[in-house]
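In what follows, a structure is listed as structure tokens, so that the remarks can point back to it.
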Amino acid sequence: MSRFTILDTPIADLKIVERQQLGDSRGFISRLFCAEELAAAGWLKPIVQINQTFTQKQGTIRGLHFQRPPYAEMKLVTCLRGAIWDVAVDLRAGSPTFLQWHAEELSAANQRALLIPEGFAHGFQTLSDDCELIYLHSRAYTPGAEAGLNPKDPMLSITWPLVITELSARDAQHPMLDQQFKGVTL
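Residue numbers (our numbering): 81 to 266.
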């Protein structure tokens, strides 16, 4: 019996993962990852790094981050506390959805995760105070390969649901895209 429902998004290979929660009077159990079950959604690589983030203030944006090939990574993003507006931007060169973005509300209550394939930038805005996330990565963080997009880039026109209350200096300094940006080749 599968503990996940995999849903498509308008962008190929970007998937919503709905987790089944089993509970009783003691509490609940919810599976965060199962290689066998998530292979059907395209996760065919080992998990090599797991990160946790905590963000205090509603309206904060983190991102948009990605790693350049050959260090591109898949991510499975789950919100364990609070609620976020999770955004993935297709950067794959030649993709019919190049530079299009998709957002999903992820929360502790809705038990959803976003499976983000290689070749995507990722970021989120907190919809509540005190948000805690867990990220599963298919590659280790590689400082020399890190890159980012400016979350306020007019070429992307991301509709952030709240006023931006906090944005790190690093994320604010990511460059705006121009016509020269041709994407990432995997």
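All residues carry an ideal CB built from backbone N, CA and C; glycine is no exception. These numbers come from a predicted model, not from an experiment.
**Q.** Segment contact flag, the segment 213-220 with the segment 152-165, C-beta cutoff 8 Å, min 3 pairs
**A.** Output reads yes: the segment 152-165 touches the segment 213-220.
**Q.** For Gly-282, the residue or residues it bridges with in DSSP
**A.** What the structure shows of the chain is the stretch from 81 to 266, and residue 282 is not part of that stretch, so it cannot be assessed.
Q) What are the boundary residues of the alpha helix (DSSP H) that Arg-250 is part of? A) That run of the alpha helix (DSSP H) goes 249-252.
(Q) On a Cα-Cα basis, can you pick out the residue from Ser-82, Phe-261, Leu-207 and Arg-111 that is closest to Gln-136? (A) Of the candidates Ser-82, Phe-261, Leu-207 and Arg-111, the one whose C-alpha sits nearest the C-alpha of Gln-136 is Leu-207.
**Q.** Cβ shell of Gln-101 (< 8 Å), same chain only, five flanking positions each side left out
**A.** Excluding positions up to five away in sequence, the list reads Phe-108, Ile-109, Ser-110 and Gln-191.
Q. From what residue to what residue does the beta strand (DSSP E) around Glu-212 run?
A. Element bounds for Glu-212: 211-217.
Q. What residue range is occupied by the uninterrupted alpha helix (DSSP H) comprising Ala-115?
A. 115-118 is the extent of the alpha helix (DSSP H) around Ala-115.
(Q) Let's see if you can read the secondary structure: which residues bound the beta strand (DSSP E) around Thr-265? (A) The continuous stretches of beta strand (DSSP E) do not include Thr-265, and DSSP gives it neither H nor E.
Q | Of the listed residues Glu-246, Asp-258, Thr-222 and Val-97, nearest to Leu-229 (C-alpha basis) | A | Nearest option by C-alpha distance: Asp-258.
**Q.** Per DSSP, cross-strand counterpart(s) of Glu-98
**A.** Looking at the DSSP assignment, Glu-98 forms a beta bridge with Thr-85 and Arg-192.
Q: Quick one: residues in its chain with C-beta nearer than 6 Å to the C-beta of Asn-131, no 5 flanking neighbours on either side, listed in chain order?
A: Hits under 6 Å: Tyr-215.
Q.
Buried or exposed, going by whether 16 or more other CB atoms sit within 10 Å of the CB of Leu-124?
A. Exposed, by the Cβ-count rule.
Q | DSSP state of Gly-122 mapped onto helix, strand, coil | A | The answer is coil: DSSP assigns Gly-122 none of H, G, I, E or B.
Q: Grab the span of the beta strand (DSSP E) containing Asp-166 for me, first residue to last.
A: Element bounds for Asp-166: 163-170.
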